[in-house]
Amino acid sequence: MNVTTTEYPNTWCIRGRNVPPSNEYPVRRTFSGARNDVRNEFIQYFENISELNVWNNEKSRRVLLSTLRGQAETYAYGMPVIIQRDNNRLKQKMEERFGHTAIKERYVTEAKLRKRKPEESLRDFGQAIEDLYRRAYPGNPEIVEENSIKAFLDKCGQSEDFRLAVKRTRPNTLQEAVINSVQEECLRVGEKDLAKHFNPVQRPIFEVKDGDSDEDVTAEAEGTRRENVDRNKVPDNYPRNNGKGSQGRFYNRYKWHGRDRSPMFKNRPPEFPEPRRRP
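Throughout, my numbering is defined as the position within the sequence shown, counted from one, plus 693.
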């Protein structure tokens, strides 16, 4: 017959064995006291399981000892038996050895010396720094935020120019610092790709001399080859008036008849005769 035991009210005695009921929450985590194993997080998890399963002090002590691994297990079983059998004293000794006070400086130092890995994203890097400071200051979110931003800005980029560019954005939170650094990184990658694939067009440079009109320069810029002709020595060309351009209309041979000269050609030099109408 199955009966509930008096020593462990939440277990059943079957043929002399204490068997946990099927609805009891199992403990799925262990504590080894290693570098990445935070005791405060483990204790919080363990106490939640203990409350859900309604364990008394003796049951809680025994389950706690069974979850220890590595150096934590060696330290606990190396203590006197009188301390091992006292739940409160056992927790106190474990706190002194693996608790927040003993490892605070280690987390702070690790966060300050933390560097971004080659394949690590900026978001993962910022989260890793924040986790270290949260372990060092579990009850001070303001200190965690302030120190996380400073450590991230000091180590977010490989170059000093990149870090200064992100610092100039003056982020108020770690999330803003991560977003600004990601944007800066994308801009720099885009500029490198553009410079890599961009082939500048070799455009000819034309020298504009006195007497050249806008039409001449435009024609040369478009690739039209022009003869290098001195316009002041071509008899059939109109004089440039010392580089100032024409002062009036071109001669219209169909308008002026007779032997008289056009008014615009009265001061024409003798070596450049007036154009004559063909018979």
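Heads up, the beta-carbon is just placed ideally off N, CA and C, and yes, glycines get one too.
Residue range of the alpha helix (DSSP H) that K752 falls in?
Start at 1 with the first residue of the sequence shown, and residue 752 comes out as number 59. Per DSSP, K752 belongs to the alpha helix (DSSP H) from 750-759.
What residue range is occupied by the uninterrupted alpha helix (DSSP H) comprising A844?
Walking along the sequence shown from the start, residue 844 turns up at place 151. First-last of the alpha helix (DSSP H) with A844: 834-848.
Which runs of the alpha helix (DSSP H), 4 residues or longer, sit entirely within the region 743-829?
750-759, 763-770, 774-777, 780-791, 793-806, 815-829, all fully within the region 743-829.
So who's on the other strand from F724, going by DSSP bridges?
Working through the sequence shown from its first residue, we reach residue 724 at position 31. Bridge partners of F724: L761.
Check this for me: beta carbons of A804 and Y830, under 7 Å apart or not?
The count along the sequence shown starts at 1 and reaches residue 804 at position 111. The count along the sequence shown starts at 1 and reaches residue 830 at position 137. Not a contact, by the Cβ cut-off of 7 Å.
Can you name, in chain order, every residue of its own chain whose Cβ lies under 8 Å from the Cβ of R722, other than the five neighbours on each side?
The residue you call residue 722 lines up with position 29 of the sequence shown. F735, Y738, F739, T760, listed in sequence order.
As a quick exercise: from Q764, V837, E878, pick the residue whose alpha carbon is nearest that of Q851.
As a first step, residue 851 is located in the sequence shown; it is residue number 158 there, counting from the start. Of the listed residues, the one whose Cα sits closest to Q851 is E878.
Hey, would you say E823 sits closer than 7 Å to S841, going by beta carbons?
Numbered from its first residue, the sequence shown carries residue 823 at position 130. Numbered from its first residue, the sequence shown carries residue 841 at position 148. Yes. Within cutoff.
How is N716 classed by DSSP in three states: helix, strand or coil?
Indexing the sequence shown from 1 puts residue 716 at position 23. The answer is coil: DSSP assigns N716 none of H, G, I, E or B.
By DSSP, does N865 sit in helix, in strand, or in coil?
The residue you call residue 865 lines up with position 172 of the sequence shown. Three-state DSSP puts N865 in coil, outside helix and strand.
Name the two residues that bound the continuous alpha helix (DSSP H) containing V859.
Within the sequence shown, residue 859 is the residue found at index 166, counting from 1. Element bounds for V859: 853-860.
V871 by DSSP, collapsed to three states: which one?
For the purposes of this step, residue 871 is taken as residue 178 along the sequence shown, with counting starting at 1. The answer is helix: DSSP assigns V871 an H, G or I state.
Within its chain, find whatever has a CB closer than 8 Å to the CB of E920; leave out the 5 residues flanking it on each side and keep chain order.
Within the sequence shown, numbered from 1, the residue matching residue 920 stands at position 227. Note that E920 has pLDDT 45, beneath the 50 cutoff, so the model's placement of it is unreliable and the number below is only indicative. Hits under 8 Å: none found.
Taking 8 Å as the limit between beta carbons, can you name the residues of its chain near N733, skipping five residues before and five after?
Numbered from 1 along the sequence shown, position 40 holds the residue referred to as residue 733. Counting only Cβ-Cβ distances below 8 Å, and skipping sequence neighbours, we find G792, H793, R828, P831.
Find out if the Cβ-Cβ distance for the pair F845, A821 is shorter than 7 Å.
By 1-based counting over the sequence shown, the position of residue 845 is 152. By 1-based counting over the sequence shown, the position of residue 821 is 128. No, the Cβ-Cβ distance between F845 and A821 is not below 7 Å.
Label G883 either buried or exposed according to how many other C-beta atoms from any shown protein chain fall within 10 Å of its C-beta, with 16 as the threshold for buried.
Taking the sequence shown and counting its residues from 1, the one referred to as residue 883 is at position 190. G883 should be labelled exposed.
Report buried or exposed for N925, applying the criterion of at least 16 other Cβ atoms within 10 angstroms of its Cβ.
One-based indexing of the sequence shown puts residue 925 at position 232. No answer about N925 holds up, because its pLDDT of 49 lies below 50 and its placement is not dependable.
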